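Notes to accompany the following structure.
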Amino acid sequence: MNTESVNLDASHPLASGLTADSRLIRAYQGTRTDVTPVWFMRQAGRSLPEYRELRVGTRMLDACLDPEMASEITLQPVRRHHVDAGIFFSDIVVPLKLVGVDVEIVAGKGPVLGKAVRTATDVAELTSLDPATLDSALAPISQAVARTVAELGATPLIGFAGAPFTLAAYLVEGGPSKDHIHARTLMHAEPEAWARLMEWTANVTGRFLRAQVLAGASAAQLFDSWAGALSLADYAKYVAPASAAAIAHVRDLSYTERAYAEYRQDEAADTESVNRSVPIVHFGVGTGELLAAMHGIGADVVGVDYRIPLDEANRRLGGTVPLQGNVDPAMLAAPWPVLEAHVLDVLERGRTAPSHVLNLGHGVPPDTDPDVLTRLVDLVHEAGGAASGDTASGAAASVGSVAGVARG
Ligand code: CP3
């Protein structure tokens, strides 16, 4: 693990300045932008007919390891919806597969392991797979990212990885599970084996994330989708240290922003070059009680699911953390006026935070009408992003209808 700062290559989109002043990166850095940036978790995937067509005859993990296909699938939702970021098309179990774990993704179900990791002996067998082999095995991922950012231009690409607990939840259960009971038992029954499992998983997933950022991703998101199954005490003791270790694989990556004043067109701004780190987002489902602890592992931005409103999430985080979220995916299938009012309410509550990136509270449901997503992006872009009074005239009337919400 590195503690000293490592500069990204001069050709990296952040270092070259291509994405450094984008809405997404500015919002992740805590700056309010002209409009609120928007992208969707699972924007690439089954909601798009062009994705379903391209995937015919190719297994999910094979698609992830084909640089041309992974890149094309990543670009599809950016072209169609004009979102403010691409998210790299891959899966959290890809680095497990590449290090030698027997795992497949079963359609309609999720990741399924050849063998569940239930005992200390199983953990010893798993952790004998050497994470250092990933440095060469991750080549298709680096190639796919490089191809993608060459096409994306000034639109930033978000790299991602699964957090150690969410990966361990699949490894220990052997597949998807409702309450992750075997994983939660193992952490208490075999604390030393659990610690080794988490350390190994952090190493594997951290390398996956680092490869994406080095190859051109402008931000990184760590998904701890199933952390909401944990008490705060278990999260702090058995999970947070490994998530911090995973993030440490990218925390040291930085770039120098030159001529800052020039592209901000702000003469009063500092003309000195500024050293900045790559923004890191941390997201989980049902994690209202864990938000501060999840921020505490070293994240810059916290992703919030749809169960608590953003103004409440902001309060729980002390009013200092950029937020991402949290449109309820269920609303995507509701009549447009219902969805519109909900999105405007989310934007209004997001204004209480230092900055806000609009997203869903979890992934796009596969049966979502893609035209609804495009319309939602337009709505967010038209609604503006700065102080509530500055919203574009087209959306001002509807914004006024939710004006009862506290403003920051
Ligand atoms: O567009 C994007 O968000 C980028 C791609 C992405 C995928 N998986 C593609 C995918 C991302 C960020 C992920 C992360 C992921 N994978 C998570 C964390 C995010 C979350 O949703 O909570 C988790 C828990 C997984 C594990 C996983 N992989 C599940 C639960 C599933 C769905 C199973 C199903 O068929 O419903 C997968 C498969 C998967 N990953 C698909 C996609 C597009 C569907 C594969 C298909 O087309 O058949």
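With positions in the sequence shown counted from 1, the corresponding number in this note's numbering is that position plus 13.
Glycine included, C-beta positions come from ideal geometry on N, C-alpha and C.
Just so you know, these numbers come straight off a predicted model, no measurement behind them.
Are T87 and G99 closer than 7 Å when you measure CB to CB?
yes
Quick one, are the C-beta atoms of L371 and T49 less than 7 Å apart?
yes
Reference N327; option with closest CA among L352, W349 and L360
Comparing Cα positions, the closest option is L360.
CA-to-CA distance, R362 to L304, given in whole angstroms
17 Å
For A253 and chain B, any beta-carbon pair shorter than 7 Å?
Of the chains in the structure shown, none is chain B; there is only one protein chain.
Please check the pair A129 and V185, which I expect to be a contact at CB under 8 Å, by giving their CB distance rounded to whole angstroms.
Yes, they are in contact, since the Cβ atoms of A129 and V185 sit about 6 Å apart, within 8 Å.
Endpoints, beta strand (DSSP E) assigned at S425
Since the first residue of the chain shown is 14 and the last is 421, residue 425 is not available in this structure.
From A137, I171, P204 and W213, residue whose alpha carbon lies closest to that of L227:
I171
Using the C-alpha atoms, what's the distance from R223 back to S368?
25 Å
Going by C-alpha to C-alpha distance, which of T32, S18, A33 and R45 sits closest to T365?
R45
Could you check whether the stretch 131 to 139 touches the stretch 204 to 222, counting it as contact only if at least three pairs of C-beta atoms, one from each stretch, sit closer than 8 Å?
Contact between the stretch 131 to 139 and the stretch 204 to 222 is present, with at least three C-beta pairs closer than 8 Å.
What is the DSSP secondary structure of I105, reduced to helix, strand or coil?
coil
With a threshold of 8 Å, are at least 3 pairs of Cβ atoms found where one atom belongs to the stretch 27 to 36 and the other to the stretch 374 to 388?
In short, these stretches do not touch, since the Cβ pair count stays below three.
Note the first and the last residue of the continuous beta strand (DSSP E) segment covering A183.
Per the sequence shown, the amino acid found at residue 183 is Tyr instead of Ala. Run containing Y183: none in the beta strand (DSSP E); it sits in the alpha helix (DSSP H), P177 to E186.
Grouping DSSP H, G and I as helix and E and B as strand, with all else coil, what is T269?
Three-state DSSP puts T269 in a strand.
Taking the C-alpha atoms as reference points, what is the distance between L67 and M82?
8 Å
Judging by CA-CA distance, which residue of R264, G219 and T179 is the nearest neighbour of V243?
According to the sequence displayed, residue 243 carries Leu and not Val. Closest by alpha carbon: T179.
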